[in-house]
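Undergrad: Residue 237 is where the sequence shown starts when you use the working numbering, and the numbers rise one by one after that. For reference, the structure I am asking about is given below.
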Amino acid sequence: MKKLLALVASFAMITCLLAGCNKGTQGNNSSNSGAVTPPSGSGSTSLSGENSGAYANFPTGNITYICSGSAGGGLDLCARFIAPYIANYLPGNGTITVENVTGGSNWNAYNRLITSKPDGLTICTLATPQFSNYLNQSMQIPYTMDSYTPLANCVTDYCCISVRTDDARFTDVNSLTDLAEFLKANPDTDYLVSLTSGGGADELVMYEFEAKAGVENLEGINYAEGINASRAGFLGGETDIYSGKVGDTLNMFNEGTVKVLGVFAAERSSLMPDVPTGAEQGFDIVLGSDRGIIVPNDMDPELYDLLLSAVEAASNDPAYLEQMAAGGYEVNFIGGEEYVAYLREIETMVKGYADILGYNN
């Protein structure tokens, strides 16, 4: 039987403003309610550059880009990075302003988006796998992913598993295969794993690795106050293994304080090109923390396609790609129907771990 996660019950908010991008206003938390409809057609992107039809001058005013994350966090920064590039690829002379609407486990922001007009003037961030926390029955969320229309994924911060280089127990553990063999050789010992969020990608990848490796002696420790606390606990010896993302592991990796045993991506990370993927080592797992965009249901397909084309063009802009690489973010554009299918796969994965996550209690 799976062990319950230990919870470090403190919370912290990092507040920071990013210079050089559109300035967002810290918004009041919203908890609006209203009727919802099934998602509209996903549309197909076209980069012909022709701006004609009803939206030839769209937008003439401001687009509000709702962000469910705190100012200065990864979700917020990714939104602020891409916002001006999306605006540049839209035919009108309007702007895109990021507004932080936090709380409610992301659903204050999602509620605001769901009840907005489908006029293209309100878009919202979507974080995976947290978007599927509506499956948690205790939260009593009246919406699902059918309550909005996915537009595109922008960034994926892939998961990875690491051990400390100075930990003598793991001297001969240099790969995921080595770690699996080590855990099998010590079945009566529980090894603590630093995590940063209940139901997050770092927790799910721990369960996926256990299943693929055929082991059961990993126990997640959820540092609810965030990444810095999780890293500090790991480096200070409170935990044995670090399950995180490439972005939050990169500094430790570059400093040589950790050995990254594998990255759970389809291809090797451009930030850690010498580290093999999980699939290369026999662990066919692709999982990370995604930052995407959703829009209200019932949007005009022509407007949807216009927004999708702008996001795709922005995602391929050399200046944007350079900026994201410098910030330690890996661009991963997935648009339209493909993005919907991608989210469905993640939703299915989370459903499979609903009991372990306590979502059915």
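Each residue gets a CB set at the ideal place from its N, CA and C atoms; glycine is no exception. Quantities reported herein were computed from a predicted structural model and do not represent experimental measurements.
Under 9 Å between the Cβ atoms of Gly524 and Lys481?
TA: Yes, the pair counts as a contact, with Cβ atoms nearer than the cut-off.
Undergrad: For a test of the three-state rule: what should DSSP assign to Gly594, helix, strand or coil?
TA: Gly594 falls in the coil class under three-state DSSP.
Undergrad: Please classify Tyr540: does DSSP put it in a helix, a strand, or coil?
TA: In the structure shown, Tyr540 sits in a helix (DSSP, three-state: H, G or I).
Undergrad: Contact criterion: CB-CB distance below 9 Å. Does Ile359 meet it with respect to chain B?
TA: The structure shown has no chain B; it contains just one protein chain.
Undergrad: Is it buried or exposed for Asn298, if we count other Cβ within 10 angstroms and need 16 for buried?
TA: It is exposed - the Cβ of Asn298 has fewer than 16 other Cβ atoms within 10 Å.
Undergrad: Measuring straight from C-alpha to C-alpha, what distance separates Ala363 and Pro509?
TA: Their backbone Cα atoms lie some 25 Å apart in a straight line.
Undergrad: Rounding to the nearest angstrom, what Cα-Cα distance links Thr380 and Gly472 in this structure?
TA: Spanning the two alpha carbons is a distance of roughly 40 Å.
Undergrad: Just to confirm before moving on: does the CB-CB distance between Ile350 and Asn533 stay below 9 Å?
TA: The answer is yes: Cβ separation under 9 Å.
Undergrad: Quick one: residues in its chain with C-beta nearer than 6 Å to the C-beta of Tyr478, no 5 flanking neighbours on either side, listed in chain order?
TA: Answer for Tyr478: Ser398, Ser430, Phe470, listed in chain order.
Undergrad: DSSP on Gly289, reduced to helix/strand/coil?
TA: Three-state DSSP puts Gly289 in a helix.
Undergrad: Note the first and the last residue of the continuous alpha helix (DSSP H) segment covering Asp438.
TA: Element bounds for Asp438: 437 to 449.
Undergrad: Taking the straight line between their C-alpha atoms, what separation do you get for Ser352 and Asn336?
TA: Roughly 16 Å separates the two Cα atoms.
Undergrad: By Cβ distance below 6 Å, which residues in the same chain neighbour Ile570 in space, the five residues on each side in sequence not counted?
TA: Counting only Cβ-Cβ distances below 6 Å, and skipping sequence neighbours, we find Asn389, Tyr578.
Undergrad: With a cut-off of 8 Å, do at least 3 Cβ pairs link the segment 434 to 443 to the segment 412 to 426?
TA: At 8 Å Cβ cutoff, the stretches do not touch.
Undergrad: Judging by CA-CA distance, which residue of Ile529, Arg527, Pro512, Gly528 is the nearest neighbour of Ile521?
TA: When only C-alpha atoms are compared, the closest one is Pro512.
Undergrad: Output the distance between the C-alpha atoms of Ser368 and Ala404, rounded to the nearest integer angstrom.
TA: Going by the C-alpha atoms only, they are around 39 Å apart.
Undergrad: Mind checking which residues open and close the alpha helix (DSSP H) that includes Ser466?
TA: Taken as a continuous stretch (DSSP letters only), the alpha helix (DSSP H) holding Ser466 covers 463 to 471.
Undergrad: Quick one: is Asn342 buried, meaning 16 or more other Cβ sit within 10 Å of its Cβ, or exposed?
TA: By the 10 Å Cβ count, Asn342 comes out buried.
Undergrad: Compare the C-alpha of Ile463 against each of Pro378, Ala323, Asn487 and name the closest.
TA: Cα-wise, what sits closest to Ile463 is Asn487.
Undergrad: Using only CA atoms, which one of Gln376, Asp355, Ala468 lies nearest to Asn597?
TA: The candidate whose alpha carbon is nearest that of Asn597 is Gln376.
Undergrad: Alpha carbons only, please: which of Phe519, Asp484, Asn490 is nearest the one belonging to Gly498?
TA: Minimum Cα distance to Gly498 is reached at Phe519.
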